[in-house]
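Number of protein chains: 2
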Amino acid sequence: MKKPARPPAKPVRPSALQAESLRQTRREHASETAEDYVEAIADLAAAQGEACVVDLSRRLGVTHVTVNRTLARLQREGYVSVQPYRAIFLTAAGSKLAKECRRRHGIVVAFLRSLGISEKTAEIDAEGIEHHVSPETLAALAKHTGK
Amino acid sequence: MKKPARPPAKPVRPSALQAESLRQTRREHASETAEDYVEAIADLAAAQGEACVVDLSRRLGVTHVTVNRTLARLQREGYVSVQPYRAIFLTAAGSKLAKECRRRHGIVVAFLRSLGISEKTAEIDAEGIEHHVSPETLAALAKHTGK
DNA sequence: GTCAAAGTGTAGCCAAGGCTACAGAATGTT
DNA sequence: AACATTCTGTAGCCTTGGCTACACTTTGAC
Numbered sequence: 001m002k003k004p005a006r007p008p009a010k011p012v013r014p015s016a017l018q019a020e021s022l023r024q025t026r027r028e029h030a031s032e033t034a035e036d037y038v039e040a041i042a043d044l045a046a047a048q049g050e051a052c053v054v055d056l057s058r059r060l061g062v063t064h065v066t067v068n069r070t071l072a073r074l075q076r077e078g079y080v081s082v083q084p085y086r087a088i089f090l091t092a093a094g095s096k097l098a099k100e101c102r103r104r105h106g107i108v109v110a111f112l113r114s115l116g117i118s119e120k121t122a123e124i125d126a127e128g129i130e131h132h133v134s135p136e137t138l139a140a141l142a143k144h145t146g147k
Numbered sequence: 148m149k150k151p152a153r154p155p156a157k158p159v160r161p162s163a164l165q166a167e168s169l170r171q172t173r174r175e176h177a178s179e180t181a182e183d184y185v186e187a188i189a190d191l192a193a194a195q196g197e198a199c200v201v202d203l204s205r206r207l208g209v210t211h212v213t214v215n216r217t218l219a220r221l222q223r224e225g226y227v228s229v230q231p232y233r234a235i236f237l238t239a240a241g242s243k244l245a246k247e248c249r250r251r252h253g254i255v256v257a258f259l260r261s262l263g264i265s266e267k268t269a270e271i272d273a274e275g276i277e278h279h280v281s282p283e284t285l286a287a288l289a290k291h292t293g294k
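These protein sequences, in sequence, are chains A and B. Take 1 as the starting number for the first sequence in this note's numbering and just add one per residue. Take 148 as the starting number for the second sequence in this note's numbering and just add one per residue.
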């Protein structure tokens with residue numbers, strides 16, 4: 001498999017940069033779940049006073065079992081506070097994260113809407129995109145939308 | 148955890164829509180790997196004639212073991228053709244997918260650059276974003292960049 | 001031809017995030 | 001108080017996608 005005549009350097013995209021980009025994307029993916037959860041918990045708390053497991057499972061489109069296990073992880077990581085058969089609360093760190101997510105989500109949706117994207121598509125795309133927008137890009141989107 | 152006084156309907160974001168958006172994001176995530184791989188294979192083949200496991204592992208920022216296992220899955224799914232100790236080839240389906248990915252990646256990067264994002268950040272963000280851009284949004288981005 | 005280096009393959013481990021099936025707790029109605 | 005419903009929790013299974021460690025093939029140089 002050794003390439004006998006390897007053209008010294010004609011990388012379409014520099015290999016190291018792409019590898020780093022993909023590593024970054026994987027890191028982001030690891031925190032996506034946390035972000036989705038704290039955002040949902042904050043929303044539910046705002047809308048109806050408190051968040052419970054079934055509400056979250058409906059909201060997130062997974063079973064209550066998945067919610068339960070994930071909450072345990074988020075508690076381990078310090079984002080939420082959970083006790084058996086009790087409501088779910090965000091810690092200070094969780095609230096902070098939720099706030100940032102909400103802001104970022106809003107900016108991304110507003111930007112997409114400003115491009116003429118339908119509301120439904122904007123919501124769907126934003127949900128996927130928002131976790132991968134750097135501060136630099138987020139600022140640019142906000143500026144572009146606001147102009 | 149039953150909410151005694153549940154306000155009938157004051158969802159910040161409609162629960163069903165968000166659940167569906169998240170489900171969509173998860174579906175996209177499942178195909179992200181395939182897209183990254185076929186894109187890398189196509190690039191390597193274009194740049195140096197053929198793609199091998201170590202090249203891919205360097206390119207993707209994972210070990211050769213991970214590449215190997217993933218290639219087995221992609222073969223199962225009909226995107227690549229692999230034989231022990233032989234070069235890696237894309238099937239027709241794989242080539243088609245790679246072409247689409249490349250186009251989409253180009254559009255996203257060009258758009259970010261047009262917003263004034265630095266090249267490096269544009270690459271990193273694009274890598275995360277490109278998998279979550281709907282055809283509708285992609286068209287809008289292309290139009291916006293090209294205008 | 002030999003041999004070392006590089007590439008490839010395999011075994012087995014881990015965590016995350018899905019799921020079903022079942023058991024126990026809380027709640028609201030009667 | 002009893003009961004049915006809903007909610008919550010647990011056990012155990014699956015797939016994906018990381019990894020290290022070790023074994024085997026190819027390749028290139030001598």
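Glycine is no exception: its CB is placed at the ideal position from the N, C-alpha and C atoms.
Short CB-CB distance (under 8 Å) between residue i and chain B
| i | result |
| --- | --- |
| A:Ser21 | yes |
| A:Thr121 | yes |
| A:Val38 | no |
| A:Ser15 | yes |
| A:Ala142 | no |
| A:Met1 | Legend: pLDDT at A:Met1 = 43, less than 50; position of this residue unreliable, value from coordinates given subsequently. Yes - at least one Cβ of chain B is within 8 Å of the one on A:Met1. |
| A:Gln18 | yes |
Per-residue burial, residue i [other beta carbons within 10 Å of its own, 16 or more giving buried]
| i | result |
| --- | --- |
| A:Thr137 | buried |
| B:Thr210 | exposed |
| A:Arg59 | buried |
| A:Glu123 | buried |
| A:Tyr37 | buried |
| B:Ile194 | The sequence shown places Ala at residue 194 of chain B, not Ile. Buried is the call here. |
| A:Ala9 | Reliability fails at A:Ala9, whose pLDDT of 34 lies under 50, so the model's placement of it is uncertain and the value that follows must be treated cautiously. Looking at its Cβ environment, which holds fewer than 16 other Cβ atoms inside 10 Å, A:Ala9 is exposed. |
| B:Ser168 | buried |
| B:Glu266 | exposed |
| B:Arg224 | Sequence inspection shows Glu at residue 224 of chain B; the Arg mentioned does not correspond to that position. Exposed: under 16 other Cβ atoms inside 10 Å. |
| B:Val256 | buried |
| B:Ala287 | buried |
| A:Glu100 | exposed |
Minimum Cβ-Cβ distance from residue i to chain A less than 8 Å
| i | result |
| --- | --- |
| B:Ile188 | no |
| B:Arg211 | The amino acid at residue 211 of chain B is misidentified as Arg; the sequence shows His. Chain A, which has no Cβ nearer than 8 Å to the Cβ of B:His211, makes this no. |
| B:Asp292 | According to the sequence provided, residue 292 of chain B is Thr. The question's Asp does not apply to it. No, because no Cβ of chain A sits closer than 8 Å to the Cβ of B:Thr292. |
| B:Gly275 | yes |
| B:Ser228 | no |
| B:Glu224 | no |
| B:Ile264 | yes |
| B:Arg206 | yes |
| B:Val214 | no |
| B:Leu259 | yes |
| B:Thr284 | yes |
| B:Arg153 | Bear in mind that a pLDDT of 33 at B:Arg153, under 50, signals an unreliable position, so the number given afterwards is only what the model happens to contain. Yes, B:Arg153 counts as interfacial toward chain A. |
| B:Pro158 | Because the pLDDT at B:Pro158 is just 37, under 50, the model does not fix this residue reliably, and the point stays unresolved. |
Residue j beta carbon less than 8 Å from that of residue i
| i | j | result |
| --- | --- | --- |
| A:Glu28 | A:His131 | yes |
| B:Ala198 | B:Ile254 | no |
| A:Ala16 | A:Ala98 | no |
| A:Ala126 | A:Tyr79 | no |
| A:Ser114 | A:Thr145 | yes |
| B:Ile276 | A:Ile117 | no |
| B:Val280 | B:Arg250 | no |
| A:Ser81 | A:Val67 | no |
| B:Arg170 | A:Gly61 | yes |
| B:Ile308 | B:Leu259 | Residue 308 of chain B lies beyond the range of chain B shown here (148 to 294); nothing can be said about it. |
Backbone secondary structure at residue i - three-state DSSP
| i | result |
| --- | --- |
| B:Ser228 | strand |
| B:Ile89 | No information on residue 89 of chain B is available, as it lies outside the stretch 148 to 294 that chain B covers here. |
| B:Ala287 | helix |
| A:Ala87 | coil |
If you measure beta-carbon to beta-carbon, which residues of the region 235 to 256 of chain B are closer than 7 Å to chain A?
Residues: none.
For the region 23 to 35 of chain A, which residues have a beta carbon sitting closer than 9 Å to at least one beta carbon of chain B?
For the region 23 to 35 of chain A, which is checked against every Cβ of chain B, the residues closer than 9 Å are Arg23, Gln24, Thr25, Arg26, Glu28, His29, Glu32.
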